[in-house]
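Chemist:
Protein chains: 4
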Amino acid sequence: MHGISHLFIPGPTNVPEEVRRAMNIPMEDMRAPDFCDFVTPLLQDIKKAFRTETGRVFIYPSSGTGAWEAAITNTLAKGDKVLMARFGQFSLLWAEMATRLGLDVDLIEVEWGNGTPVEEYAARLEADKDHAIKAVFVTHNETATGVTSDIEAVRDALDAAGHPALLFVDGVSAIGSIPFEQEAWGVDLAVAGSQKGFMLPAGLGFLGVSAKALEIAASDSPKMARSYFAFEDMIKLNDTGYFPYTPPTQLLRGLRVSLDLMLGEGMEAVWQRHAVLAEGVRRAIAEWEGCRLVAAAPEWQSDTVSAIYTPEGVDARDVIFGAYSKYRTSLGSGLNKLAGKAFRIGHLGSLNSVMLCGALSATEMALRDAGAKITPGSGVAAAQEYYRAHI
Amino acid sequence: MHGISHLFIPGPTNVPEEVRRAMNIPMEDMRAPDFCDFVTPLLQDIKKAFRTETGRVFIYPSSGTGAWEAAITNTLAKGDKVLMARFGQFSLLWAEMATRLGLDVDLIEVEWGNGTPVEEYAARLEADKDHAIKAVFVTHNETATGVTSDIEAVRDALDAAGHPALLFVDGVSAIGSIPFEQEAWGVDLAVAGSQKGFMLPAGLGFLGVSAKALEIAASDSPKMARSYFAFEDMIKLNDTGYFPYTPPTQLLRGLRVSLDLMLGEGMEAVWQRHAVLAEGVRRAIAEWEGCRLVAAAPEWQSDTVSAIYTPEGVDARDVIFGAYSKYRTSLGSGLNKLAGKAFRIGHLGSLNSVMLCGALSATEMALRDAGAKITPGSGVAAAQEYYRAHI
Amino acid sequence: MHGISHLFIPGPTNVPEEVRRAMNIPMEDMRAPDFCDFVTPLLQDIKKAFRTETGRVFIYPSSGTGAWEAAITNTLAKGDKVLMARFGQFSLLWAEMATRLGLDVDLIEVEWGNGTPVEEYAARLEADKDHAIKAVFVTHNETATGVTSDIEAVRDALDAAGHPALLFVDGVSAIGSIPFEQEAWGVDLAVAGSQKGFMLPAGLGFLGVSAKALEIAASDSPKMARSYFAFEDMIKLNDTGYFPYTPPTQLLRGLRVSLDLMLGEGMEAVWQRHAVLAEGVRRAIAEWEGCRLVAAAPEWQSDTVSAIYTPEGVDARDVIFGAYSKYRTSLGSGLNKLAGKAFRIGHLGSLNSVMLCGALSATEMALRDAGAKITPGSGVAAAQEYYRAHI
Amino acid sequence: MHGISHLFIPGPTNVPEEVRRAMNIPMEDMRAPDFCDFVTPLLQDIKKAFRTETGRVFIYPSSGTGAWEAAITNTLAKGDKVLMARFGQFSLLWAEMATRLGLDVDLIEVEWGNGTPVEEYAARLEADKDHAIKAVFVTHNETATGVTSDIEAVRDALDAAGHPALLFVDGVSAIGSIPFEQEAWGVDLAVAGSQKGFMLPAGLGFLGVSAKALEIAASDSPKMARSYFAFEDMIKLNDTGYFPYTPPTQLLRGLRVSLDLMLGEGMEAVWQRHAVLAEGVRRAIAEWEGCRLVAAAPEWQSDTVSAIYTPEGVDARDVIFGAYSKYRTSLGSGLNKLAGKAFRIGHLGSLNSVMLCGALSATEMALRDAGAKITPGSGVAAAQEYYRAHI
């Protein structure tokens, strides 16, 4: 196979050359006297990507899944009641983890293609007069369906009900790509990972923790047994500019550069860039006869990933396999109940219009190879015209 | 500062150029149809470094500390009694984790500089007629003191007592560097990490699990709550050649090459190489007036790290700081009660005789700068003569 | 700017990741006892890309221009008569060099868009009964106009005339990409460079020399003063596996891998791949209203680069500048008399169909931005359909 | 073989990590509209390393040998008389090139170990009343013998004689490492290469040209035929921020960083650093029984390379081969008449004290393996004590 591979899965995302270079360094001494001079500003600057000032962001050597667990075990106790909704593979897995860790999950089933049912959340919170619900979980961006939920509305529901429950947000495929405001939205536990909007390889789990959640974690209230993910060790060492166990220094060096890129551009500009690239993709999809977004309504459409139903009779697995094997292009597969019915185009991270025109071309070719009767070039043309006007 | 940095901490270790190159790749699709063709043999080959055939080795996106936790939570339950000994910073931290996770730790205090008290272990196992002890923990190589314990002797003690307890081994600074035989020694849970003998950056925790431990993990017997580190998810996905959550693919590509290097050389040859380089270092230390190993007797001397007491009146922190700031050389610090009294030279991983002569030179200069009355070149000369004869 | 840059100039070409990795190595000793074990097979294998068995290929630390000079100074003398044709910027520069070095250039002017006038060559060779013409120069692939000449036909003309003149070929943008047969076609001096089909950075000039030319170079016949590019030093040292002056070892390591890639694929397959990708581009151009190839007839169309006239009233410089600054895509500019009138798409080296669909998209957008009335997506669609059928 | 290779040849030198990273980039468009924004300051800044303000520095895709040729062909004509001295392999090769290119070489033979005979030069210049001598050649640092000549004294001799001859300096292993002042010393043609003090791979030849030499080159006076190395093309394109033929962009990106490192440190500090490291090496050599410098007197000792006679009966080739094969350390070989009698330690470029202690250890081991009766550690000890006091 010749030329480059084309990666359009919704994470891990393409790593910019600057970040690759920053990671390609000899091993260093993570207890060197000046290592803290590197770590301390890093821990400050990642807070800017989460948009929190009074909280902390922990950096775990783990995947985002590990940060999910850290969020739960440090703030909740076995048997605690939590409110969750399930509308895709990742919200499903999160609920599964919560159950495994012993939480009492009040789970709302939502049809895939829709997102967090804010009104239902509001109703249950309103009804929970004795505050049995300890935490409300929201999947900000359901990566499996390309659906974005409204975090701010959930915060409003909590406030309207005067409910003290913690607000947990899975922002893995959102933070660093689409608008996210930990402080302004009162998010208590915000989970992210290195391999999406942060444009790094997988290997770091990020957890933004509000002042309120830090207080609860430090309090005597019952919590789960934990050690690797315990906040207290992280806090103690982070405050000196070090880590409680050997950190993946290469990834931290890469994070330094990716934060420099993001903050140098400005988070608002980063979000806007994602919105423009995503809209071009949607314009393309709209041209493909028989294809449609899994997102059930415009309000749910995600700017980081589009999940697309293939036309009747066209197996999405053929599209994905063909794109990969014939056109060296990785698309995201349809997960769980979407298997065979949908495929996904990731459009987050380090991308540009021409890369997406390539991805759309690969998709058009793979769709046609798989039997779809779309018009060649139709989607690319729509995307081109949108990009011409908006870049 | 000019020229290269010299890294002689006992991990993370120097990453070979071949491994660095293997990791410096564009991001790839960890769900690609052929990704399993890469993962399946990798999971087989890492078993060869652990010397196990009937067990499994799990690869976690975590530090070695995470693998400690995985070993405990998957096989033991809250309140289970375990036998441990504490003779350095890492055995101390492991015992602390066990306590935090709710184990009933039967802790034997051993003077630092000595290793696992096998006779005492044997006595307690013998006395434990009703098998209240569920697991025996052994720190194979105590990185803080440069002390290696005799795992095989602990196995013999278990067998002599006919005791069914699981044998846990912290092999983080041992496996891949000094003789380790998971299968032959009947080790049930063997913890390692990417950043020591495996010559990779930190970021992967390895856990070798015996068939017996796998069976216990899969059984209905009570265990701790766990999700991120749960064996069952790993087994299910690993069996298909994939991982339950996004793996750090770059590190896996690096692991492929480091395993190729290690297995290509042969584990016995790897161990022998470490033994020769270590002995050269000890010959040097023996020449330094007023210095001596923390290891209290030759039987405890580690071939992966030497902890060295500075002469009376010489603060080890000055040696370390001087080596780092004036000679661009990182030595390991004295941890906990050894702070200021000892420093460490890591001699594991990708090293050679000339690198160690450089490290010994830096140490000699830093020792003299810090006030030690050692003879310049004395240690280097002894190492040189040893290396000349044994390489 | 985000995402990757898109490079579609006709060289330097995209460097494959495997080659980049091979070049990213610590400096090595180019006089090490085993360096020859690397060089000797390299010098053999590069001959396979030139398709010569009885000749040699010299590797100069220079650009391709340096190899032009080496070819001339080692085999010709001041005042020697040579036959050349000028039909683009590179054949023009070559003729200029020949004049500067003191050759008596019999220069045939050909309208740009056409290639080597074989019949005219044949006529002049036929007429040259006393063999005053010492060498015949042919630009295999005129990079400025996207025109490929017929080397074999020139050889036939020489043979038909029974003419002993040396056959010089500028194969810089041909060798390694389109069919080239040094031995079979009786090419005496074949010039190439590292930065085109060989997929390396610039920095190596390659010169394939036939047995006949080597003999002339070694003979007592008058030649030009030369030192840096002298064959004799190269031959003497190359025969031992070394070089007469410090070679760019990183580039040589990269060359090893690029040859492995090319020869592993097979030269015929490499050529075929270029033909397919090129035809897709031409299908796209054919759809663009008002655009046409500079190549005046199908027989001249190059499979490594297409030069394209912009529609009336559209300044090609605007297209190029827009593609670069708005779409991060580098196209080739119109050189000399083509400035403003044409732009070029390089389609040689490490490319694939999706990369070219991206390049065509960028071109379509830039053309429309510059005022061209082409139909969006029209070219991409044609290319897609061609690639679907031929890959 | 494990661990890193140790490179202590007098060039190519160790490439700093920062420079390696800067070179490891995707291919770029060397005709991009903003490429000149990179090139123009680069061409200015390299002048600071040559210490010239009124001249130019040309950057050729070639080795340093190519820059030798460029210097001659652009300013001298066939038959011109030049004054040269021969006292090592590189001054010998330079004289050979001059002869080949048709110069009338007035060659002074000097015993190897000594440098440029300034008094003899002065005498001949004084005697040359009609200024038949067109140029005076000086090898600043004879890399084969580790001998540095006094350029300033040669300038004084020229001035004292009121002689207009051009002053050519081979500064390949000097410029960027030891004091060099093109402007102040009135050097007309100063040759350097990327692979020594500039800490880059080989592949760039640098040529500093004085205003006077530029004027001569541009004048109508007879010069040699030249094309690849012609000043006029370089001047024309460099003045626009581009190059006349495809430049090795990766090396230029590396040069940017190496100049940043050098100029950031300050040339005087760079020179001082070389002086300190060199003196440590000489202190070591002085301890080795039976060894002595090839440099015949302290005034000739080079701060970039030491050539060392092995003790009677010890073949230097054994030392070099042993160091390479057993200790992974590359030393420089004895060239020409020094073959078997001497070896060389390069101490220029990106080095530090601990690297040199390693090199000295390797040398001590290899010397003893080869039969030398030196005291182990003796040289390293002397170097250590010197470095302790002077770093």
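As you go down the protein sequences, you meet chains A, B, C and D in turn.
Mapping to our numbering: the first sequence position 126 is 150, numbers consecutive.
Mapping to our numbering: the second sequence position 235 is 259, numbers consecutive.
Mapping to our numbering: the third sequence position 292 is 316, numbers consecutive.
Mapping to our numbering: the fourth sequence position 120 is 144, numbers consecutive.
Ideal Cβ positions, reconstructed from N, Cα and C, are used throughout, including at glycine.
Please read all numbers here as calculations on a predicted model, not as lab measurements.
1) Using a Cβ-Cβ cut-off of less than 8 Å, give me the residues of the region 48-68 of chain B that come near chain A, in sequence order.
2) Taking the alpha carbon of Pro34 (chain B) as the reference point, which residue from B:Gly200, B:Ser330, B:Met291 and B:Ala177 has its own alpha carbon closest?
3) Taking all protein chains shown into account, decide if Asn138 (chain B) is buried (16 or more other Cβ within 10 angstroms of its Cβ) or exposed.
4) Examine chain D for any beta-carbon lying closer than 7 Å to the beta-carbon of Ile33 (chain C), and answer yes or no.
5) At a CB distance below 7 Å, what residues from the region 127-157 of chain B approach chain C? Give them in sequence order.
6) At a CB-CB cut-off below 8 Å, which residues of chain C make contact with Thr205 (chain B)?
7) Looking at the C-beta of Gly401 (chain C), does it have a partner C-beta in chain A at a distance below 7 Å?
8) How about the region 42-54 of chain D and the region 233-251 of chain D: do they share at least three Cβ pairs that are nearer than 8 Å?
9) First and last residue of the beta strand (DSSP E) that includes Tyr84 (chain A)?
10) What are the complete beta strand (DSSP E) segments, minimum 3 residues, inside the region 364-390 of chain B?
11) Mind checking which residues open and close the beta strand (DSSP E) that includes Ala109 (chain B)?
12) Nearest chain D C-beta to Leu276 (chain C) closer than 7 Å, yes or no?
13) Are Trp324 (chain C) and Val171 (chain C) closer than 7 Å when you measure CB to CB?
14) State yes or no: is the C-beta of Gly232 (chain C) within less than 7 Å of the C-beta of Gly79 (chain C)?
15) Whole alpha helix (DSSP H) runs in the region 49-83 of chain D with 4 or more residues, listed along the chain?
16) So the candidates are C:Leu372, C:Ala413, C:Gly403 and C:Ala390; which of them puts its Cα closest to the Cα of Met389 (chain A)?
17) Provide the residue(s) that pair with Asn38 (chain D) in DSSP beta bridges, ordered along the chain.
18) What residue from B:Thr169, B:Ile202, B:Leu100 and B:Pro203 has the CA that sits closest to Ala156 (chain B)'s CA?
19) Considering Asp183 (chain C), what are the terminal residues of the alpha helix (DSSP H) in which it resides?
20) Give me the chain C residues within the contact set of Arg45 (chain B), using Cβ-Cβ distance strictly less than 7 Å, ordered along the chain.
21) For the candidate residues C:Thr167, C:Ala185 and C:Leu116, whose alpha-carbon lies nearest to that of Val142 (chain C)?
22) Contact criterion: CB-CB distance below 7 Å. Does Ala405 (chain C) meet it with respect to chain A?
23) Thinking C-alpha only, which one of A:Lys220, A:Gly221 and A:Gln206 is nearest Ala214 (chain A)?
24) Please go through the same chain and pick out, in chain order, the residues whose beta-carbon is closer than 7 Å to the beta-carbon of Met258 (chain A), but skip the five residues on each side of it.
25) Look at the alpha carbon of Thr167 (chain C) and the alpha carbon of Ser251 (chain D), and state the distance between them as a whole number of angstroms.
26) DSSP has Tyr333 (chain C) in a bridge; who is on the other side?
27) Using 8 Å as the Cβ pair cut-off and three pairs as the minimum, do the region 356-368 of chain A and the region 297-313 of chain A touch?
28) Count the other CB atoms within 10 Å of the CB of Pro272 (chain A); is the residue buried (16 or more) or exposed (fewer)?
29) Roughly how many angstroms lie between the CA atoms of Arg45 (chain C) and His187 (chain D), to the nearest whole one?
30) What residue range does the alpha helix (DSSP H) around Asp130 (chain D) cover?
31) Short check: CB of Glu409 (chain A) to CB of Pro400 (chain C), under 7 Å?
32) Who are the neighbours of Asp284 (chain B) on chain D, taking C-beta pairs under 7 Å?
33) Rounded to whole angstroms, what is the Cα-Cα separation between Ile28 (chain B) and Val196 (chain A)?
34) For chain D, is any of its Cβ atoms less than 7 Å away from the one on Tyr252 (chain B)?
35) Is there a Cβ from chain D that is less than 7 Å from the Cβ of Arg412 (chain B)?
36) In whole angstroms, give me the CA-to-CA distance for Gly395 (chain D) and Asp244 (chain C).
Modeler: Looking at the atomic coordinates:
1) Per Cβ criterion, the list reads Asn48, Pro50, Met51, Glu52, Asp53, Met54, Arg55, Ala56 and Pro57.
2) Checking every option, the nearest Cα to that of Pro34 (chain B) belongs to B:Ser330.
3) With 16 or more neighbouring CB atoms inside 10 Å of its own CB, Asn138 (chain B) falls in the buried class.
4) At a cut-off of 7 Å between beta-carbon atoms, Ile33 (chain C) makes contact with chain D.
5) Flagged: no residues at all.
6) At residue 205 (chain B) the sequence reads Glu, which differs from the Thr that was named. The contacting residues do not exist; Glu205 (chain B) stays about 35 Å from chain C at best.
7) At least one chain A Cβ lies under 7 Å of Gly401 (chain C).
8) Fewer than three Cβ pairs drawn from the region 42-54 of chain D and the region 233-251 of chain D lie within less than 8 Å of each other, which leaves the two stretches out of contact.
9) Arg80 to Pro85 is the extent of the beta strand (DSSP E) around Tyr84 (chain A).
10) Counting only runs of at least 3 residues, the region 364-390 of chain B fully encloses the following beta strand (DSSP E) elements, listed from N- to C-terminal order: 366-370.
11) Here the beta strand (DSSP E) through Ala109 (chain B) covers Lys105 to Arg110.
12) So, not an interface residue.
13) Against a cut-off of 7 Å, the Cβ pair of Val171 (chain C) and Trp324 (chain C) comes out as a contact.
14) It is a contact, given that the beta carbons lie within the stated cut-off.
15) Within the region 49-83 of chain D, complete alpha helix (DSSP H) segments of at least 4 residues are found at 59-74, given in chain order.
16) Its Cα nearest to that of Met389 (chain A), the residue C:Ala413 stands out among C:Leu372, C:Ala413, C:Gly403 and C:Ala390.
17) BP columns for Asn38 (chain D) are empty, so no partner.
18) The shortest C-alpha separation from Ala156 (chain B) is found at B:Leu100.
19) From DSSP, the alpha helix (DSSP H) with Asp183 (chain C) extends over Ile175 to Ala184.
20) Result: Arg45 and Asn48.
21) The candidate whose alpha carbon is nearest that of Val142 (chain C) is C:Ala185.
22) It does; some Cβ of chain A falls within 7 Å.
23) Of the candidates A:Lys220, A:Gly221 and A:Gln206, the one whose C-alpha sits nearest the C-alpha of Ala214 (chain A) is A:Gln206.
24) Only Phe82 and Pro268 meet the Cβ criterion.
25) When rounded, the distance between both Cα atoms is 20 Å.
26) Answer by DSSP bridge pairing, in chain order: C:Arg316 and C:Ala366.
27) As far as the Cβ criterion goes, the region 356-368 of chain A does not touch the region 297-313 of chain A, which means the pair count is below three.
28) With 16 or more Cβ atoms within 10 Å of its Cβ, Pro272 (chain A) is classed as buried.
29) Near 53 Å, if we compare the C-alpha coordinates of His187 (chain D) and Arg45 (chain C).
30) It is not in any alpha helix (DSSP H) - Asp130 (chain D) instead sits in the beta strand (DSSP E) that spans Asp128 to Glu133.
31) Yes. Within cutoff.
32) Those within 7 Å of Asp284 (chain B) in chain D number zero; the least Cβ separation is about 14 Å.
33) Ile28 (chain B) and Val196 (chain A) have their C-alpha atoms some 37 Å from each other.
34) No, Tyr252 (chain B) does not count as interfacial toward chain D.
35) Output row for Arg412 (chain B): interface = yes.
36) Distance between the alpha carbons of Gly395 (chain D) and Asp244 (chain C) is about 49 Å.
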